[in-house]
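Some notes on the structure that comes next.
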Amino acid sequence: MALYFIEYDKNFKNFNEENIKIIDILNENTEPGEWKTLDFASFGASGLELFVYGDKMSFLITILVSSKKD
Numbered sequence: 001m002a003l004y005f006i007e008y009d010k011n012f013k014n015f016n017e018e019n020i021k022i023i024d025i026l027n028e029n030t031e032p033g034e035w036k037t038l039d040f041a042s043f044g045a046s047g048l049e050l051f052v053y054g055d056k057m058s059f060l061i062t063i064l065v066s067s068k069k070d
């Protein structure tokens, strides 16, 4: 499981096409999985909530604990 956070300058050229390029690169260079984008611009100051799903609870706990440390 991986989570990438990329912040772009607001004047970044071709920003609308960039997320497609990034997902294509991830799909070509990582283990099979499902990559998606998340637009933080619409969140404002209301917070962020992510749901994590998996086959084994022990695996999820390990991932969540290690993510919290980072």
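Going by the UniProt record's numbering, the sequence shown opens with residue 1, and the numbers climb by one from there. We put the CB at the ideal spot given by N, CA and C, even for glycine.
- Pairing F59 with E31, the inter-Cα distance amounts to about 17 Å.
- In the three-state reduction of the DSSP assignment, I6 falls in the coil class, being assigned neither a helical nor a strand state.
- In this structure I25 does not touch T37 by the C-beta definition: roughly 13 Å separates them, more than the 8 Å allowed.
- Under the criterion of beta carbons closer than 8 Å, N27 and W35 qualify as touching, at roughly 6 Å.
- Y53 and N11 have their alpha carbons spaced roughly 35 Å apart.
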